[in-house]
Amino acid sequence: MKKFNAPFRGPSAFTVKARLLLGFTLIELLVSIAVIAVLIALLLPAVQAARESARRTQCLNNLRQMGLAFHNYHDTNLQLPPVYIAVHFARVPHPIGVAGSYDDINVHTYGEYLLPYIDQGPLYQRIDFTSPYFSPIDLTPIGLPSYAADNKSVVAVPLSVFQCPSTPRTMTSFEWTWNEMGIPIPCRHGASDYGPSNGVQRMRQLTVLSQQPSTKVLDGVLSNNIPSIRLGDVTDGASSTALMWEIAGRPQVWKRGKLQTGAQTGGGGWSDILNAESWFAGSGPEGCAINCSNEAETGAYSFHPGGINLLLCDGSARFMSENTSLGIFVNLVTYNSGTVVGEY
Numbered sequence: 014m015k016k017f018n019a020p021f022r023g024p025s026a027f028t029v030k031a032r033l034l035l036g037f038t039l040i041e042l043l044v045s046i047a048v049i050a051v052l053i054a055l056l057l058p059a060v061q062a063a064r065e066s067a068r069r070t071q072c073l074n075n076l077r078q079m080g081l082a083f084h085n086y087h088d089t090n091l092q093l094p095p096v097y098i099a100v101h102f103a104r105v106p107h108p109i110g111v112a113g114s115y116d117d118i119n120v121h122t123y124g125e126y127l128l129p130y131i132d133q134g135p136l137y138q139r140i141d142f143t144s145p146y147f148s149p150i151d152l153t154p155i156g157l158p159s160y161a162a163d164n165k166s167v168v169a170v171p172l173s174v175f176q177c178p179s180t181p182r183t184m185t186s187f188e189w190t191w192n193e194m195g196i197p198i199p200c201r202h203g204a205s206d207y208g209p210s211n212g213v214q215r216m217r218q219l220t221v222l223s224q225q226p227s228t229k230v231l232d233g234v235l236s237n238n239i240p241s242i243r244l245g246d247v248t249d250g251a252s253s254t255a256l257m258w259e260i261a262g263r264p265q266v267w268k269r270g271k272l273q274t275g276a277q278t279g280g281g282g283w284s285d286i287l288n289a290e291s292w293f294a295g296s297g298p299e300g301c302a303i304n305c306s307n308e309a310e311t312g313a314y315s316f317h318p319g320g321i322n323l324l325l326c327d328g329s330a331r332f333m334s335e336n337t338s339l340g341i342f343v344n345l346v347t348y349n350s351g352t353v354v355g356e357y
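Numbered by my numbering, the letters in the sequence shown go through residues 14 to 357 in order.
Encoded structure:
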């Protein structure tokens, strides 16, 4: 009997279904995982860059909002707000405030004066301006008054307009003790990542970077030495003079992107006198200005790659490269040096 071999017709539907139920082989699975990992590695930097771009834009918007607040205050009061008010004579230390024939430590700062112009009118109304921002406090042991008003609860409120979203912040308010008065003055502050342009301390090579005569300091537009300055006094040009800049991350100390574990620095609160005292002296022996350290009075600091955001006297905010020359930064800080800063 002759046998016939049936022609090959490919796998049956049953066989195909069985193979599908078995899923991927191990090699196929590993290849798929590798491809997905490569795609994630390619996409993650782009996603992070997009997020940082959005955060930097929000930071610029914060500064623009403060710039508008400064201008509205100026229109109402015909001057910029004093960076802070205090008078020194015998008991108040000499570097604090302006010289007078009496002592007055009833301190209030620019952050408080701006509150009505940044949609914080109700918070402003809670401040008793007959007592310092750190009241209640008894200063009779050093020959000054005892203050009973509760201003501490106001200045402890964190406000988003003072906080850069790029800052890796673990707290939006913090405790700080001010010791310059010879008696500890504790206070809780709402955090701030921005500081005012007080001026330049005459030290290191900063002495030769401005056209002004050599003096101990060069005043900025928000110097406590000049509590009633007007925009018309800014002879270097409003678009060439700094009003505020980022000093982010305080009270924690950061240096070149690295957290200095356990170290703290003053000036991290929007109402803090140590924030209002924001003189530029440079960081390190080279007098570095940008993104070297956020320690008090060393310069500008941010968590944006490559530079910082700053606010100019015309109300505009812009990004400034950390590679900007020290001379340009010094001349941006001064407001009447006779030097108009060009593009940077």
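No residue lacks a Cβ here, since even glycine has one placed at the ideal position from N, Cα and C.
Contact test: residue i Cβ vs the ligand HEM heavy atom, cutoff 8 Å
| i | result |
| --- | --- |
| T352 | Looking at this structure, you won't find the ligand HEM or any other ligand, since it has none at all. |
Whole-angstrom distance between residue j and residue i, CA atom to CA atom
| i | j | result |
| --- | --- | --- |
| V51 | I40 | 17 Å |
| S159 | T337 | 47 Å |
| L43 | P58 | 24 Å |
| E290 | W283 | 12 Å |
| I341 | D246 | 20 Å |
| G328 | H317 | 21 Å |
| S186 | Q92 | 30 Å |
| P129 | P135 | 8 Å |
| S296 | S144 | 35 Å |
| Q214 | E65 | 33 Å |
| L244 | R331 | 19 Å |
| Q265 | T180 | 11 Å |
| A112 | S241 | 15 Å |
| R269 | A309 | 15 Å |
| R68 | Y348 | 30 Å |
| D206 | S45 | 44 Å |
| G351 | N307 | 29 Å |
| N164 | T190 | 15 Å |
| D117 | H101 | 7 Å |
| E335 | A276 | 24 Å |
Contact under 9 Å by Cβ, residue i with residue j
| i | j | result |
| --- | --- | --- |
| V174 | N237 | no |
| L172 | M257 | no |
| T122 | Y86 | no |
| V120 | I286 | yes |
| V354 | D249 | yes |
| F293 | N211 | yes |
| G280 | I260 | yes |
| Q71 | P154 | no |
| V346 | T278 | no |
| I131 | Q176 | no |
| G110 | A103 | no |
| N288 | P209 | yes |
| N322 | L73 | yes |
| C301 | G312 | yes |
| P108 | E188 | no |
| L127 | A82 | yes |
| I198 | I140 | no |
DSSP-derived helix/strand/coil call for residue i
| i | result |
| --- | --- |
| E310 | coil |
| E193 | coil |
| V174 | helix |
| G245 | helix |
| C72 | helix |
| F370 | Because the chain is modelled from 14 through 357, residue 370 falls outside the range shown and cannot be assessed. |
| A54 | helix |
| I46 | helix |
| I239 | coil |
| P145 | coil |
| A204 | strand |
| A63 | helix |
| S159 | strand |
| L152 | coil |
| N349 | coil |
N-terminal and C-terminal residue of the alpha helix (DSSP H) that residue i is part of
| i | result |
| --- | --- |
| I341 | 339-346 |
| V168 | 165-168 |
| Q138 | 134-138 |
Where the beta strand (DSSP E) through residue i begins and ends
| i | result |
| --- | --- |
| Y207 | 207-209 |
| S329 | No beta strand (DSSP E) contains S329, which DSSP labels as neither H nor E. |
| R182 | That residue, R182, is in no beta strand (DSSP E); it is neither H nor E in DSSP. |
| G212 | 212-214 |
| V230 | 230-232 |
Which ranges would you report for the alpha helix (DSSP H) in the region 258-301 if only whole runs of at least 4 residues count?
286-289
At which residue ranges does the region 81-130 contain complete alpha helix (DSSP H) runs of 4 or more residues, listed in the order of the chain?
123-126
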